Amino acid sequence: MMGRSGKSKTKAQLEAENLALLKEVEALRNRPLDGVQRRMTEALHNLQVHQEELRAQNEELHQAQGHIEKVSARYRDLFEYSPVGYFIIDDNVSVVDANITGMGMLGRTKGRIAGKPFLLFIDKKCRHDLDDHFATVRSVGRASTELWLLPDQRPPFPVNLESVRLGDGWGEGWRCLSTAMDVTERNRAEMALRESEIRFRAIFEQSPLAIQIVDAESVPRMSNRAWVRLWGQASSIPVAGGGHPVLNQIGAESLLVEGLAGRSLEISAIHVVADGEQGEDRWVHGYAYPILGQGDSVPEVVLVHEDITERKRIELALTDRTALLRRQYENLRVLSEIAALPPGPASQKLADALDLGRRHLDLSMGMISRVEGSRFTVEHHSASEETAMADFDLASTYCALVMEQDDVVAIAHWARSPHADHPCYRTHGLESYVGVPIRVRGKAYGTVNFCSTTSSPRDFDDGDKEFMRLLARWIGAVLEEDAIRRDLARSNAELEQFAYIASHDLRSPLRQVSSYVSLLERRYGDKLDADAREFIAFAHDGAVRMDQLVVDLLEFSRIGRNAKPVALVALSEVVHESCANLHSNIIDANGRVDIVGALPMIQCDPADLVRLFQNLIGNAIKYSLPERPPVVTITAATGPMSHVVTVRDNGIGIEQIYHDTIFGVFKRLHTPDKYEGTGIGLAICKKIVDQHNGRIWVESSLGEGTAFHVELPRGS
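So for the sequence shown, our numbering puts the first residue at 1130; every next one is plus one.
This is the structure we're talking about:
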């Protein structure tokens, strides 16, 4: 507000002028009326002017007070809602005030913080640092320290406490503002950075690769141990006049220039003379990687060198052996073909093996010879058939050398060998020859050899000799298997003869015993007492059971000996034939046989499989409960490698303790008077399944029926 003089007056000035006017009015009361009237008019005018100035001044003060309150509120909001913790600390190091973030850091309300010593909220191990902190604030006006706050019901955490001394307007006595910033994440990052640096150092120093970091001036900045071992200590020292100490040796300075241009490059393997400890020539494989800085600059380049000297030596050695390995591979391939020859007569397999071997060795003839005494007999030949089974005197064949040395004899050029005057060479002109002894059942059998009237295009190596040894072992196994097969056929013939004799010579007396016991009972039965008749019945039953035992034993012995060639057979047909053979038994027992689902095709001997399922179904009918008719259910499940066929019944069941013993010969669980039979049926079943490379097992509980599972390989 402006006065008459045009200058703004303060409130105090206006109040003083107003008081003076009031005094002047009081003085006018004692003056003459006309003068008083004039002065009163002037005084009233001046008073009105002063009152207007006071009103305007009060309005200005009110506006200023509102502005101050708004600014104060803003600063209060900045204080309260700052993302860092603010604490006003007094001369006693007690908390005068704290903002919201500070209260959150301490996990306490303002009422639990204000007036409390700040020391209470600091971890014990940091309280001495807190004292030093505030002592520094008192002396220099500012301090910064890292401490650990102790919040309520939370673990301590680190903060950076920065304090500044406040002016006098903040209250009585000394005051400071302490700012607490949570540095947990920063410390974590610093720890991770330190750990990363440690890991980098460990990898850098322990790496088997030679590594060096070079700056833009070609000055080595860092070299690991492998680099020093490879290039020597001098390789880490800058070169006077510039240039790199190693790249100069190998003429690769331009690679460093390219690396500094931001391009990763590979140094081709190059033969260099290294300055390492051994001072020997080395082969080195190198790389250059740029380290990018700000603005795509490349302040440094990483050089990585790998000593590949040993690798180069190995490569040269491998090159020398490649041909040999390739030859050995061919040897194994041909041996694999020979081993994979299809089943058939031994003579065919041996002829095929000789043909494969002859072509593999690039020779015109191959033969297997039998040596007996001084005679040499060609048993198998891969060339002309008229040569087979030809007899020669052993001394006139190369076979004599093989039998004498008892190992491989391999000669690619007979005329140039020490045996050029051998009778076989003079007679037959066999220029190239490789042969090896054959052993069968540990005894010398003869030889296998390949030969030609022309020289071999190459010398025979160790791989060829090992090929011959392995081939001889395979031929020996084939010959031994053939001998065993012939022995087995002879043994089966003898067993067949024995079975015929047993059937004729054992069963005939048993039938005579049974017949005479029956005749005795018919003629003299009315003259015998009850005990005698019982004895006769026992004798008759025993003879009958003995005859059945002989029949079952003969059947058990025939399994597998008179087997027909296996064929792919529909299992449903086998089951139907088995049921047809048991038709009367099923009808008498009022039973039934159910096939649930489709049954698979089985690779088998059909007759044996009919016998198998006839026994299993017959047992299911026989061992049924009197109170319920027998029901037999047949199912099948097919897996990746086999079929599992299940024959399940509702009969008397089998206790678990007998599950492993019931497949033995003559293993009976019941007396003959209760269930007839000899106890050999399940043994026959197991032998048939074994003959087909399968397995059989039982699942059952007493009184709850029985399930027999038969697993057989899948047919092709």
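Note that beta-carbon positions come from the ideal geometry of N, C-alpha and C, so glycine has one too.
None of these values were measured; they are calculated from a predicted model.
Against chain D, does residue i count as a neighbour if the rule is that its beta carbon must be under 8 angstroms from one of theirs?
i       : result
Gly1832 : Within the model displayed, chain D is absent; a lone protein chain is all it includes.
According to DSSP, residue i sits in a beta bridge with which residue or residues?
i       : result
Tyr1215 : Thr1308
Phe1837 : Val1776 and Val1827
Gln1180 : Partner(s): none; Gln1180 has no beta bridge.
Leu1432 : Gln1341 and Ala1417
Asp1226 : Ile1217
Val1401 : Arg1411
Ile1396 : Gly1415
According to the neighbour-count rule (16 or more other Cβ atoms, all chains shown, within 10 Å of its Cβ), is residue i buried or exposed?
i       : result
Val1531 : buried
Glu1560 : buried
His1400 : exposed
Ala1417 : buried
Met1320 : exposed
Phe1505 : buried
Leu1700 : buried
Val1627 : Checking the sequence shown, residue 1627 turns out to be Phe, not Val. It counts as exposed.
Gln1743 : buried
Leu1454 : exposed
His1712 : exposed
Gly1834 : buried
Would you give the residue range spanned by the beta strand (DSSP E) that residue i belongs to?
i       : result
Cys1733 : Met1730 to Cys1733
Ser1292 : Phe1286 to Arg1294
Ser1581 : Lys1572 to Ser1581
Ala1696 : Ala1696 to Ala1699
Thr1764 : Val1760 to Thr1767
Tyr1418 : Asp1410 to Ile1420
Pro1566 : Ser1561 to Val1569
Ser1533 : It should be noted that the sequence gives Glu, not Ser, for residue 1533. Note, Glu1533: premise wrong, no beta strand (DSSP E); alpha helix (DSSP H) at Cys1528 to Gln1534.
Glu1501 : Met1494 to Glu1501
Ile1540 : Val1538 to Ile1540
Which residue from the options puts its Cα closest to that of residue i?
i       : options                               : result
Asn1460 : Asp1590, Tyr1645 and Glu1610          : Asp1590
Ile1908 : Ala1836, Asn1822 and Arg1757          : Not covered by the structure: residue 1908. The range shown for the chain is 1130 to 1845.
Val1761 : Val1225, Ile1781 and Ser1771          : Ile1781
Gly1575 : Gly1592, Arg1652 and Gly1502          : Gly1502
Trp1277 : Ser1292, Asp1588, His1548 and Ala1309 : Ala1309
Leu1279 : Met1234, Met1770, Cys1814 and Thr1170 : Met1234
Phe1216 : Leu1306, Gly1564, Val1507 and Leu1290 : Leu1306
Ile1467 : Arg1602, Ala1390 and His1414          : Arg1602
Glu1429 : Ile1420, Asp1436 and Ile1437          : Ile1420
Asp1737 : Ile1497, Glu1346, Asp1789 and Asp1819 : Asp1819
Tell me whether residue i sits in a helix, a strand or coil according to DSSP, three-state version.
i       : result
Gln1341 : strand
Val1725 : coil
Met1351 : strand
Gly1806 : Note that Gly1806 has pLDDT 48, beneath the 50 cutoff, so the model's placement of it is unreliable and no number is given.
His1509 : strand
Pro1246 : strand
His1489 : helix
Leu1711 : coil
Leu1617 : helix
Ala1390 : coil
Arg1843 : strand
Glu1144 : helix
Ile1251 : strand
Ser1771 : strand
Phe1792 : coil
Glu1623 : helix
Ala1718 : coil
Gly1132 : Only weak support is given to the placement of Gly1132: the predicted model assigns it a pLDDT of 45, under 50, and the value that follows is read from those uncertain coordinates. Looking at Gly1132 - three-state DSSP - the assignment turns out to be coil, as it is neither helix nor strand.
Pro1755 : coil
Ala1149 : helix
Thr1800 : Because the pLDDT at Thr1800 is just 46, under 50, the model does not fix this residue reliably, and the value given afterwards should be weighed accordingly. Reduced to three states, the DSSP call for Thr1800 is coil.
Leu1741 : helix
Tyr1787 : helix
Val1704 : helix
Taking the alpha helix (DSSP H) that residue i belongs to, which residues open and close that run?
i       : result
Thr1274 : Taken as a continuous stretch (DSSP letters only), Thr1274 belongs to no alpha helix (DSSP H), being part of the beta strand (DSSP E) at Arg1271 to Leu1278.
Ser1325 : Thr1313 to Gln1335
His1866 : This structure cannot settle anything about residue 1866, because the visible part of the chain is limited to 1130 through 1845.
Met1232 : Ile1229 to Leu1235
Ser1465 : Thr1438 to Ala1468
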